[in-house]
Every structure is written in structure tokens, then in C-alpha cells.
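Worksheet: the structure to be examined is printed underneath.
Residue numbers (our numbering): 15 to 79.
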């Protein structure tokens with residue numbers, strides 16, 4: 015039986031998938047490869063999708079009407 019150290023949800027071109035890591039070291043390498051300092055982000059249209067609820071809260075002062 016092959017079990018992963020950790021499985022994480024991953025957004026990939028408009029759909030959710032799962033990325034599996036066999037070791038803590040592999041997971042750490044992945045996290046460090048995608049970690050960005052402020053000012054280093056390359057935002058695209060996906061960022062607007064994830065930011066939608068924050069914009070609604072800023073506009074209306076609540077998350078749900």
C-alpha cells in the first residue's frame with residue numbers, strides 16, 4: 015500500500031486537483047518554491063477569482079446578505 019506524506023488541493027487551470035508528496039522534504043521543497051515575499055507576486059486573473067469575497071466584504075461590510 016502506497017501512502018503519501020500529505021495530499022494538498024491544487025488549483026490548476028480552472029479546476030481543483032490534488033498534489034501528493036511522499037516525504038516531508040518533498041513537501042518542504044514545494045512550499046519553498048511557491049513562497050513569495052511581498053512585491054514578488056505575479057498576479058493573474060485567478061487572483062481575482064479568489065479575491066471576489068474580499069471585494070464583496072469591502073463593498074458591503076458583510077460576507078453574506
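Every residue gets a Cβ at the ideal spot worked out from N, C-alpha and C, and that includes glycine.
Computed from a predicted structure; not experimentally measured.
Can you give me the start and stop residues for the alpha helix (DSSP H) that residue i sits inside?
i, result
"residue 17", "Segment: none, residue 17 is in no alpha helix (DSSP H) and carries neither H nor E."
"residue 59", "59-74"
Can you tell me whether DSSP reads residue i as helix, strand or coil?
i, result
"residue 101", "In this structure the chain extends from 15 to 79, so residue 101 is not present and cannot be described."
Considering residue i, what are the terminal residues of the beta strand (DSSP E) in which it resides?
i, result
"residue 32", "29-35"
What's the gap between the Cα of residue i and the Cα of residue j?
i, j, result
"residue 71", "residue 77", "5 Å"
"residue 33", "residue 46", "15 Å"
"residue 39", "residue 62", "32 Å"
"residue 27", "residue 64", "13 Å"
"residue 41", "residue 22", "10 Å"
"residue 51", "residue 31", "25 Å"
Would residue i pass as a contact of residue j if the rule is Cβ separation under 9 Å?
i, j, result
"residue 36", "residue 18", "yes"
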